[in-house]
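Accompanying notes for the structure given below.
Chains as they are written, first to last, in this note's numbering: chain F, 39 to 332; chain R, 40 to 360; chain U, 31 to 503.
Written out as structure tokens, the structure reads:
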């Protein structure tokens with residue numbers, strides 16, 4: 039039992055040991071300069087989007103651009119709320135993404151465990167098939183899936199987005215790797231107790247699986263929160279739109295949209311993902327770090 | 040993986056686990072029996088779900104490729120006509136070529152950038168700075184490709200975009216980013232790489248962290264420093280991560296849709312039209328579901344061939360500890 | 031032992047927490063079931079008359095007063111307006127086709143010229159029988175609507191839609207930029223040469239940071255107005271016979287009566303016409319000399335902002351733009367509108383839209399009642415209170431609509447039809463999506479290189495159009 043309390047992440051330890059002399063380190067300075075350039079190029083466009091969204095429409099094309107909106111103008115944000123039911127969009131996105139994430143975490147943990155720790159005939163072949171499905175683009179299967187959804191009477195519903203996304207090849211793969219990485223003596227200890235496979239899973243592996251499941255959940259959240267293609271096809275009513283679709287329609291027809299409004303919408307849509315990012319990035323970094331070694 | 044066991048130990052155990060030295064109960068007949076039951080119960084949701092939502096649609100898609108069908112009227116069987124038309128269609132050909140070029144350039148950039156940044160970040164530096172860089176490089180991944188493309192389109196505007204404004208400071212004349220074939224292709228690649236390199240970056244960080252420090256110590260005793268250290272130690276030890284990162288990067292790049300759809304709609308000309316865009320256009324804008332399926336089948340075959348080739352190559356170049 | 035106890039305790043509290051989490055997720059799922067299954071969307075699955083329009087929920091809500099008025103007239107017909115968001119008409123038609131594919135087509139669809147023939151050919155039910163039956167009631171409508179708009183909805187001798195609103199590609203210009211360059215308001219019959227000279231004067235007055243002519247690459251207002259002005263098009267335009275039943279009963283006295291036909295037909299590509307080359311070459315010249323931008327495909331989301339911030343001298347647009355410019359802070363004197371320049375002709379391009387009844391509609395009589403009501407002056411005034419488009423009724427394009435917002439010469443909007451009766455619709459055969467793609471993808475290349483590149487682009491356009499027209503849909 040005590041094992042469960044001993045989990046400590048190791049993923050962030052620097053691989054290269056410190057040099058003995060803490061003198062002016064040109065290598066370090068050069069690296070920091072290069073990394074800073076990369077960070078500016080990475081974050082710059084986002085900052086600039088933020089600052090443009092805070093300018094009034096007639097100022098949105100001012101050059102040179104002022105990166106700091108000294109007199110922030112929130113009319114664009116008010117416009118977004120006027121044009122879009124952003125609360126409903128967020129609710130839809132949250133429902134779709136949340137249920138997919140939870141569904142993937144559970145099914146992937148179960149399937150991953152079966153592939154990693156349980157013995158049954160055809161395991162290798164089945165696992166290969168699961169992996170192979172990752173290679174089929176969603177555009178290839180979308181038409182039959184669409185007809186399937188129609189047959190189930192779920193056309194133009196959120197369920198049409200959720201159900202097909204729950205079985206996950208990548209999540210199953212990650213969880214299998216994760217379970218394989220757990221020390222084998224865990225199971226041995228359990229089997230000496232004479233525990234059944236189910237009890238071994240429930241009392242030994244399931245509690246340990248939580249960090250791995252968190253990675254699957256966060257990745258699923260990230261992917262489906264931002265998903266564009268399936269909602270584009272599967273939803274018709276505005277009431278069933280998810281955030282990315284709503285944003286694109288902010289662009290307006292025949293040039294009647296305003297760029298600051300579009301960008302304000304983009305900024306608003308970032309907020310929920312940013313929250314998940316802030317709370318989840320530690321787990322994700324540690325998890326992916328651990329998962330990629332093999 | 041997240042126990043306190045040293046990494047090398049884990050690796051060994053993982054190796055064993057692949058050729059399963061299984062949970063003890065396995066060698067009693069009843070244990071094996073109950074394991075099998077449990078396995079199938081555990082697999083049921085995934086296997087049934089994938090069967091229904093992936094395998095059945097794949098089969099249906101292959102069947103559909105032999106029909107002409109516009110949803111409004113009944114499908115008619117046309118044999119290999121769809122394949123014949125698709126193979127001759129210049130737009131389809133160009134889009135496949137575009138996709139392949141895109142994959143090569145975007146994946147090379149993505150992996151190269153991610154690896155270089157990961158190596159630089161993982162070497163000695165203050166922890167807060169390392170944390171900042173990691174978060175920064177990962178950040179674009181949390182945005183939606185659609186919204187990224189919306190604001191990038193604005194940034195890359197020829198007359199009013201901030202990119203050209205910065206270039207003009209350096210005396211470079213305005214680049215027609217989104218209105219020339221070369222410019223559009225460059226923008227689609229840049230925007231895609233900008234958004235996705237963070238994922239490979241994280242994988243590399245993980246791979247680097249799992250290289251034991253002693254390996255480097257041994258290497259520096261042998262006199263390897265700087266570049267040579269990375270070439271002789273880092274790269275070989277990182278090769279399993281590189282395989283994983285490249286397989287994932289290639290699979291996702293082969294399916295690129297959102298960026299060209301929002302940035303350029305595939306133009307100008309067909310210069311940024313990708314294979315999956317052509318599938319979308321023929322299915323949902325022209326209602327040629329048979330042809331769309333035929334293109335999809337061809338694309339899937341190509342993806343499978345590429346992935347198979349990668350794994351075959353990996354047998355020669357990937358070094359397992 | 032104590033360690034094991036705390037471990038167990040922790041395990042128990044952890045289990046409770048997980049259980050609570052699970053119950054919470056389950057509860058949330060159950061509670062949001064109506065949202066997940068879409069059953070909370072009003073009117074879903076009932077037998078009310080469903081009307082699909084392009085727009086947002088706000089646009090649907092704006093029609094509520096019209097729906098209420100309709101319900102007072104026809105208490106037995108329940109109406110539900112479904113707003114469908116799309117970035118352009120092509121995108122909107124994709125959505126309607128998806129609804130057809132999903133087995134849930136609407137009964138009535140608001141279709142623009144871009145999709146008129148796609149719907150007429152495959153999806154829509156003609157209005158002929160209803161117009162014959164209610165001819166007496168409809169005379170007043172046709173009196174107030176220009177026949178060019180009606181003809182755009184004729185297909186093989188049958189009428190499929192009544193025009194509700196429309197827009198021509200006129201030329202908007204920034205009055206300040208014109209004044210700075212020492213330019214007067216353009217004459218009604220200014221030519222493409224005058225236009226070019228005006229652009230050059232503006233370029234001289236403001237060398238940087240400014241675009242004399244801004245245009246986007248799309249079917250409406252892109253290259254097509256320049257082709258029409260030069261008396262050509264990228265598709266060969268022919269007319270089908272028939273339709274006299276309509277023209278004779280409603281437009282017998284109209285001066286342009288003899289021009290009217292059974293509808294436009296676009297059966298052959300025409301990108302190899304020397305005049306097409308000439309028009310493209312003119313635009314290429316504007317781009318080369320820095321007078322006009324290389325056009326971006328689609329988009330246009332920056333157009334209002336650019337124009338409102340005085341960064342653009344001229345751009346083609348119609349009456350739909352007035353409200354947007356007003357909201358972006360442009361004053362009524364900051365800009366004005368003129369006719370599109372003349373070349374061999376001064377034929378303009380327009381687009382129009384109206385309701386089509388779907389073949390699959392359950393109650394076509396009810397659908398017709400909705401269309402008939404929407405064409406009434408009362409309904410149109412409820413639906414178009416602001417200049418976000420140009421109403422099809424001439425009498426509604428008046429001082430009141432543009433007061434305090436609009437350009438001084440708002441009369442240009444409807445005069446375009448009255449002064450130039452050959453003014454034609456956006457060329458859009460039933461294969462519209464493929465045709466539009468074939469055109470748009472070659473435009474940027476055609477106007478942004480040398481003459482050889484232009485020739486190549488037009489050749490490839492001709493080939494692409496041929497392929498597109500050969501398709502069935």
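Each residue gets a CB set at the ideal place from its N, CA and C atoms; glycine is no exception.
Alpha-carbon to alpha-carbon, residue j and residue i
i: residue 152/U; j: residue 147/R; result: 47 Å
i: residue 320/F; j: residue 165/R; result: 17 Å
i: residue 484/U; j: residue 378/U; result: 24 Å
i: residue 172/F; j: residue 312/U; result: 50 Å
i: residue 213/U; j: residue 219/U; result: 16 Å
i: residue 293/F; j: residue 275/F; result: Confidence is the limiting factor: at residue 293/F the pLDDT is only 47, short of 50, which leaves the residue's position unreliable, though a coordinate-based value still follows. Cα-Cα distance, rounded: 23 Å.
i: residue 121/R; j: residue 326/R; result: 13 Å
i: residue 208/F; j: residue 342/R; result: 16 Å
i: residue 100/U; j: residue 403/U; result: 7 Å
i: residue 205/U; j: residue 442/U; result: 16 Å
i: residue 297/R; j: residue 152/R; result: 22 Å
i: residue 285/F; j: residue 300/F; result: 7 Å
i: residue 90/F; j: residue 298/F; result: 6 Å
i: residue 197/F; j: residue 253/F; result: 23 Å
i: residue 241/R; j: residue 173/R; result: 8 Å
i: residue 192/R; j: residue 393/U; result: 45 Å
i: residue 290/U; j: residue 97/R; result: 51 Å
i: residue 51/F; j: residue 171/R; result: Low per-residue confidence applies at residue 51/F: pLDDT is 44, beneath 50, and the placement is therefore not dependable enough to give any value.
i: residue 217/F; j: residue 187/F; result: 34 Å
i: residue 294/R; j: residue 135/R; result: 11 Å
i: residue 263/U; j: residue 262/F; result: 44 Å
Residues that DSSP places opposite residue i in a beta bridge
i: residue 155/U; result: 387/U
i: residue 340/U; result: The partner list for residue 340/U (beta bridge, DSSP) is empty, contrary to what the question assumes.
i: residue 407/U; result: None, per the DSSP bridge assignment.
i: residue 312/U; result: Paired residue(s): none; residue 312/U is not in a bridge.
i: residue 367/U; result: 202/U
i: residue 372/U; result: 221/U
i: residue 84/U; result: 114/U
i: residue 241/U; result: 342/U
Near the ligand PLP: residue i beta-carbon under 7 Å from a heavy atom
i: residue 73/R; result: Absence of the ligand PLP from the depicted structure is noted, as is the absence of any ligand whatsoever, leaving it without description.
Where are the alpha helix (DSSP H) runs, 4 residues long or more, that stay fully inside the stretch 252-280 of chain U, in chain order?
254-259 and 274-280
Of the residues that make up the stretch 180-200 of chain F, which ones have a beta carbon closer than 8 Å to any beta carbon in chain R?
Under the 8 Å Cβ criterion, the stretch 180-200 of chain F contributes 180, 181, 182, 183, 185 and 186.
Inter-stretch contact at 8 Å, needing at least 3 Cβ pairs: the stretch 345-358 of chain U / the stretch 231-239 of chain U
no
With a cut-off of 8 Å, do at least 3 Cβ pairs link the stretch 266-274 of chain F to the stretch 172-186 of chain F?
yes
Determine contact between the stretch 127-146 of chain U and the stretch 186-197 of chain F, defined as no fewer than three beta-carbon pairs at a distance below 8 Å.
yes
Taking a Cβ distance cut-off of 9 Å, strictly less, list which residues of the stretch 93-113 of chain U are near chain F, in chain order.
112 and 113
For the stretch 211-226 of chain R, which residues have a beta carbon sitting closer than 8 Å to at least one beta carbon of chain U?
215, 217, 218, 219 and 220
Under 9 Å, CB to CB, which of the residues in the stretch 187-213 of chain R have a partner in chain U?
Those would be 189, 192, 193, 196, 197, 198 and 199, in chain order.
Please list the residues of the stretch 463-492 of chain U that have a C-beta atom closer than 8 Å to any C-beta atom in chain R, keeping them in chain order.
463, 464, 467, 470, 471, 472, 473, 474, 475, 478, 487 and 490
Unbroken stretches of the alpha helix (DSSP H), 4 residues or longer, contained in the stretch 159-228 of chain U
165-174, 177-181 and 205-210
What residues in the stretch 290-302 of chain R have a beta carbon less than 9 Å from any beta carbon of chain F?
290, 293, 294, 296, 297, 300 and 301
Can you list the alpha helix (DSSP H) stretches of 4 or more residues lying completely in the stretch 89-159 of chain U, in chain order?
94-103, 119-131 and 143-148
Inter-stretch contact at 8 Å, needing at least 3 Cβ pairs: the stretch 43-56 of chain U / the stretch 112-129 of chain F:
no
Report the residues of the stretch 161-179 of chain U with a CB closer than 8 Å to any CB of chain F, ordered along the chain.
none
Scan the stretch 103-158 of chain F and note each continuous alpha helix (DSSP H) run of 4 residues or more that stays entirely inside, going in chain order.
Correct list: 113-121 and 124-155.
At 4 residues or longer, what runs of the alpha helix (DSSP H) sit wholly inside the stretch 451-502 of chain U?
462-477 and 481-500
Interface positions of the stretch 314-331 of chain R facing chain U (Cβ-Cβ less than 8 Å), listed along the chain
Of all residues in the stretch 314-331 of chain R, 320, 323, 324, 325, 326 and 327 have a Cβ within less than 8 Å of some Cβ in chain U.
Between the stretch 277-286 of chain R and the stretch 236-253 of chain R, can you find at least three pairs of beta-carbon atoms closer than 8 Å?
The stretch 236-253 of chain R vs the stretch 277-286 of chain R: in contact.
Could you say if the stretch 80-93 of chain U and the stretch 147-161 of chain F meet the contact criterion of at least three C-beta pairs nearer than 8 Å?
no
Give, in chain order, every residue of the stretch 50-69 of chain U whose Cβ lies closer than 7 Å to some Cβ of chain F.
55, 59, 62, 65, 66, 67 and 68
Whether or not the stretch 367-376 of chain U and the stretch 429-441 of chain U are in contact is what I'm after, with contact meaning three or more pairs of Cβ atoms, one per stretch, closer than 8 Å; do they touch?
Contact holds: three or more Cβ-Cβ distances are below 8 Å.
Going residue by residue through the stretch 166-200 of chain R, where are the continuous beta strand (DSSP E) segments of at least 3 residues, counting only ones entirely within it?
Counting whole runs of 3 or more residues, the stretch 166-200 of chain R contains no beta strand (DSSP E) stretch at all.
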